[in-house]
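As they're listed, the protein sequences go chains A and B. According to my numbering, the first sequence is numbered sequentially starting from 1. According to my numbering, the second sequence is numbered sequentially starting from 1. C-beta: ideal position from N, C-alpha, C; glycine also. Treat the numbers as computed from the prediction; the structure is a model and nothing was measured. Working notes, beginning with the structure itself.
Number of protein chains: 2
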Amino acid sequence: MLQHPTVDQISLPHVLAVLGDQTRLAILGDLARRGDEPLACAEFKLLGSKSNLSYHFAKLREAGVIRVEPCGTKRLISLRRDDLNARFPGLLDSILATAITLPPPEKRIEQAV
Amino acid sequence: MLQHPTVDQISLPHVLAVLGDQTRLAILGDLARRGDEPLACAEFKLLGSKSNLSYHFAKLREAGVIRVEPCGTKRLISLRRDDLNARFPGLLDSILATAITLPPPEKRIEQAV
DNA sequence: TCAAAAGTTCAATGGATTTTGAACCAAAGG
DNA sequence: CCTTTGGTTCAAAATCCATTGAACTTTTGA
């Protein structure tokens, strides 16, 4: 079982620190653009190497921003939208409004074949 | 003249990265609690040493979160509330709502005589 | 039973951030 | 002037973060 913080364990400094990163903001943007549908890690591969993404997913999960649930050999990533709204009303929406418009990090451009 | 980014130069990743820090969030909390009244640097001295605060103020200013204006031998710090609201509607308010409730970093407790 | 698929973990690296104290600067007042 | 007040700058030290590649685990399907 993967460790996720409960709603009241989610801390603002932690969330902000974790979201102050291009790659993680791009992950959020992708999730939001896909309508909050859970996505497998592999869907984000243009954003970095497998091991690097694994690292970023762990950061987001530990901060309470995403939920990660095993599903067969995959892991499904989803936004903890309701939990974040409950804890910090308005925060996620205002961030997503901009995140979905953000140009993806260099990586995606270089690696896109 | 101190360099401040214009409204459209303010970037979300930059703002989030800068606010993902206890000390800087505490500075924001103090500003908000005082009703957005401009405060001199010295008003924040319980949050750190002079040189350390100077470093944090520069970070906040460069990210477009605060304005710093010389006034005699002092420098007045103020929130760029209108600019941030224009650029990222709802973001600042949702952060401040929590920031004003945040327990101050250790420093303030240790140093408070 | 085996191999492929999907991710994780680890140690190593390089880079960025934070903190400190000492030296410095500039405005205001006596 | 000269001193105080209020802050800045600098270099050094200490942390912390992101990225990589190689080795590993787990689940599933043939």
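Check your understanding: Under a CB-based cut-off of 9 Å, is Asp8(A) close to chain B?
Key -> Stepping through the first sequence from its first residue, residue 8(A) is reached at position 8. Taking Cβ atoms only, chain B never reaches closer than 9 Å to Asp8(A), which makes this a no.
Point to revise | Leu13(B) burial status per 10 Å Cβ neighbour count (16 or more: buried) | key: Along the second sequence, read from residue 1 onward, the residue named residue 13(B) stands at position 13. For the record, residue 13(B) in the displayed sequence is Pro; it is not Leu. In the assembly as shown, Pro13(B) is a buried residue. Its beta-carbon has 16 or more other beta-carbons within 10 Å.
Review point. Does the count of Cβ pairs from the stretch 61-76 of chain A and the stretch 53-72 of chain B closer than 8 Å reach three?
Key: Touching, no.
Exercise for review: Please go through the same chain and pick out, in chain order, the residues whose beta-carbon is closer than 7 Å to the beta-carbon of Gln3(B), but skip the five residues on each side of it.
Suggested key: Working through the second sequence from its first residue, we reach residue 3(B) at position 3. Setting aside the 5 residues that flank it on each side, Gln3(B) has no residue in the same chain whose C-beta is closer than 7 Å to its C-beta.
Practice item. Can you tell me which of the three DSSP states Ala70(B) falls into? Key: As a position in the second sequence, residue 70(B) is number 70, starting the count at 1. In the sequence under discussion, the amino acid at residue 70(B) is Pro, which differs from the Ala named in the question. In the displayed model, Pro70(B) falls within a strand according to three-state DSSP.
Review point. Straight-line CA distance for Val113(A) to Pro105(A)?
Key: Looking up residue 113(A) in the first sequence gives position 113. Looking up residue 105(A) in the first sequence gives position 105. Because the pLDDT at Val113(A) is just 33, under 50, the model does not fix this residue reliably, and the point stays unresolved.
Exercise for review: Report buried or exposed for Ala42(B), applying the criterion of at least 16 other Cβ atoms within 10 angstroms of its Cβ.
Suggested key: As a working note, residue 42(B) is residue 42 in the second sequence. It is exposed - the Cβ of Ala42(B) has fewer than 16 other Cβ atoms within 10 Å.
Check your understanding: Looking at chain B, which residues of the stretch 84-107 of chain A have a Cβ within less than 8 Å of any of its Cβ atoms?
Key -> Cβ contacts with chain B: Phe88, Pro89, Gly90, Leu91, Asp93, Ser94, Ile95, Ala97, Thr98, Ala99 and Leu102.
Practice item. Measuring alpha carbon to alpha carbon, tell me which of Pro103(A), Thr23(A) and Asp93(A) ends up nearest Asp36(A). Key: Here residue 36(A) is taken as the residue at index 36 of the first sequence, counted from 1. Distances from the alpha-carbon of Asp36(A) to those of Pro103(A), Thr23(A) and Asp93(A) put Asp93(A) closest.
Practice item. Select from the stretch 19-53 of chain A all residues with a C-beta closer than 8 Å to any C-beta belonging to chain B, and list them in chain order. Key: The stretch 19-53 of chain A vs chain B, Cβ under 8 Å: Leu19, Gly20, Asp21, Gln22 and Leu25.
Practice item. Answer yes or no: does any C-beta atom of chain A fall closer than 9 Å to that of Pro17(B)? Key: Sequence index remark: in the second sequence, residue 17(B) carries index 17 (1-based). As written in the sequence, residue 17(B) is Ala, which differs from the Pro given in the question. Chain A contact via Cβ: present.
Exercise for review: Report the rounded CA-to-CA distance for Ile27(B) versus Leu47(B), giving the unit in angstroms.
Suggested key: Working through the second sequence from its first residue, we reach residue 27(B) at position 27. Working through the second sequence from its first residue, we reach residue 47(B) at position 47. Within the model, the alpha-carbon separation for Ile27(B) versus Leu47(B) is close to 8 Å.
Practice item. Entirely within the stretch 54-101 of chain A and at least 3 residues each: give me those beta strand (DSSP E) ranges in chain order. Key: List check, beta strand (DSSP E) in window: 66-71 and 74-79.
Review point. Comparing the C-beta of Leu12(A) with each C-beta of chain B, is any distance below 9 Å?
Key: Within the first sequence, the letter at position 12 stands for residue 12(A). For Leu12(A), a Cβ of chain B is located within less than 9 Å of the residue's own Cβ.
Exercise for review: Hey, could you find the ends of the alpha helix (DSSP H) Asp30(A) is sitting in?
Suggested key: Stepping through the first sequence from its first residue, residue 30(A) is reached at position 30. Here the alpha helix (DSSP H) through Asp30(A) covers Gln22 to Arg33.
Exercise for review: Go ahead and label Ile10(B) buried or exposed: buried means 16 or more other beta carbons lie within 10 angstroms of its beta carbon, across all protein chains shown.
Suggested key: The sequence position of residue 10(B) within the second sequence is 10, counting from 1. Answer is buried; the Cβ neighbour count reaches 16.
Point to revise | Residue closest to Asp8(A), alpha-carbon to alpha-carbon, out of Arg34(A), Thr73(A), Arg33(A) and Arg80(A) | key: Indexing the first sequence from 1 puts residue 8(A) at position 8. Comparing Cα positions, the closest option is Arg80(A).
Practice item. For Leu96(A), collect the residues of the same chain with a Cβ closer than 8 Å to its Cβ; drop the 5 residues on either side in sequence, then sort them by chain order. Key: Numbered from its first residue, the first sequence carries residue 96(A) at position 96. Cβ neighbours of Leu96(A) beyond the five flanking positions: Leu28, Gly29 and Ala32.
**Study point:** Buried/exposed call for Gln111(A), threshold 16 Cβ in 10 Å
**Key:** Taking the first residue of the first sequence as 1, we reach residue 111(A) at position 111. Only weak support exists for where Gln111(A) lies, its pLDDT of 43 falling under 50; the coordinates are left without a value.
**Study point:** Delimiting residues of the alpha helix (DSSP H) encompassing Ala17(A)
**Key:** For this step, residue 17(A) is matched to residue 17 along the first sequence. Where Ala17(A) is concerned, the enclosing alpha helix (DSSP H) stretches over Leu12 to Leu19.
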